[in-house]
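Under my numbering, the residue at position 183 of the sequence shown is numbered 544, and the numbers go up by one with no gaps.
Here the structure comes first, spelled out in structure tokens, and everything after it is commentary.
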Amino acid sequence: MPDLHTVVCVKVVPKSEEIRVDYSTKLLDRSNAHSEINPPDMNALEIALGVKDHYGGKLDIVSMGPPYFEPLLRIGLAMGCDHIYLLSDRAFGGADTLATTYTLAQGIRKLGGADLIICGEESADGDTGQVPAGLAEWLDVSQLTLLTEVNLDLERRVGIGRRSLKGGYELLEAPLPCVVSVKTASNEPRFMDFSRKDWAYEPERVTVWNAADL
Numbered sequence: 362m363p364d365l366h367t368v369v370c371v372k373v374v375p376k377s378e379e380i381r382v383d384y385s386t387k388l389l390d391r392s393n394a395h396s397e398i399n400p401p402d403m404n405a406l407e408i409a410l411g412v413k414d415h416y417g418g419k420l421d422i423v424s425m426g427p428p429y430f431e432p433l434l435r436i437g438l439a440m441g442c443d444h445i446y447l448l449s450d451r452a453f454g455g456a457d458t459l460a461t462t463y464t465l466a467q468g469i470r471k472l473g474g475a476d477l478i479i480c481g482e483e484s485a486d487g488d489t490g491q492v493p494a495g496l497a498e499w500l501d502v503s504q505l506t507l508l509t510e511v512n513l514d515l516e517r518r519v520g521i522g523r524r525s526l527k528g529g530y531e532l533l534e535a536p537l538p539c540v541v542s543v544k545t546a547s548n549e550p551r552f553m554d555f556s557r558k559d560w561a562y563e564p565e566r567v568t569v570w571n572a573a574d575l
């Protein structure tokens, strides 16, 4: 098959203990909160990097948010990802999960699709867990949920996931392309590779698309 193309969806969130709610707008007030990569998305990043290590191919980050997300997203490049696509427009502000998943799906379509789309289980600031399922719906592909391990059978073009259960585990398969959600705290994300840090912060490593681009 052609080179594997993996996309990992990453969100930057405010540290939960520092956020407030603006009751006039009903939106989160991030102004006094430090930001970080969504912790469940760090687990998704580690799974995605493991797939790249084992099966090769290209690994892109797709994220939706304001421009100040960019420096934090570059941590993923220093960990081993290849490129960042940041979907950023005032029109996306205050999006619910329906609008968020539609926008992310349009970004992935603009990339030409992907063989494997990997997401964290949920976001620390929303806790809905709806994004992986919404992405699968918009992209009209199968999904494997709450996985702790991901393997591929490239000859059969299927994804194979391991999901923990009380007292055991189950193995699941879905045809590629598919969306995968990763169970929170299912692995220990790797550190940045400091030999990649200068490369990761080069301007050309990030492509920004607005609503008109999509």
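A virtual CB, placed ideally from N, CA and C, is assigned to each residue, including glycine.
The structure presented is a predicted model; accordingly, all values stated were derived computationally and were not measured.
Give the straight-line distance between the Cα atoms of L575 and S547, rounded to the nearest whole angstrom.
When rounded, the distance between both Cα atoms is 33 angstroms.
Coarse secondary structure for L515, derived from DSSP in three states:
coil
Alpha carbon to alpha carbon, what distance is there between I445 and E581?
Since the first and last residues shown for the chain are 362 and 575, residue 581 lies out of range.
Is DSSP giving M553 helix, strand or coil here?
Here M553 sits in coil by DSSP.
Can you tell me the Cα-Cα spacing of I422 and C539, whole angstroms?
16 angstroms
What does the alpha-carbon distance come out to for the pair L515 and S503?
If you take the alpha carbons of L515 and S503, they lie about 16 angstroms apart.
The beta strand (DSSP E) spanning I445 covers which residue range?
444-448
So within the stretch 388-471, which uninterrupted beta strand (DSSP E) runs reach at least 3 residues, ignoring any that extend past its ends?
388-390, 396-398, 419-425, 444-448
Who are the Cβ neighbours of M537 in its own chain at under 7 angstroms, not counting the five residues just before and after it?
As written in the sequence, residue 537 is Leu, which differs from the Met given in the question. Here the set comprises D476, L477, R518, V519, G520.
Would a C-beta distance cut-off of 9 angstroms place P427 and S449 closer than the cut-off?
Their beta carbons are under 9 angstroms apart, which means P427 touches S449 by this criterion.
Quick one: is L496 buried, meaning 16 or more other Cβ sit within 10 Å of its Cβ, or exposed?
So L496 ends up on the buried side.
Between Y384 and L513, how many whole angstroms is the CB-CB distance? I'm expecting something under 8 angstroms.
47 angstroms between Cβ atoms; not a contact.
Going straight from the alpha carbon of D501 to that of A494, what length do you get?
D501 and A494: Cα-Cα distance of roughly 10 angstroms.
Have a look at M362 and N404 and give me their C-alpha separation to the nearest angstrom.
Only weak support is given to the placement of M362: the predicted model assigns it a pLDDT of 49, under 50, and the value that follows is read from those uncertain coordinates. Each residue's alpha carbon lies about 27 angstroms from the other.
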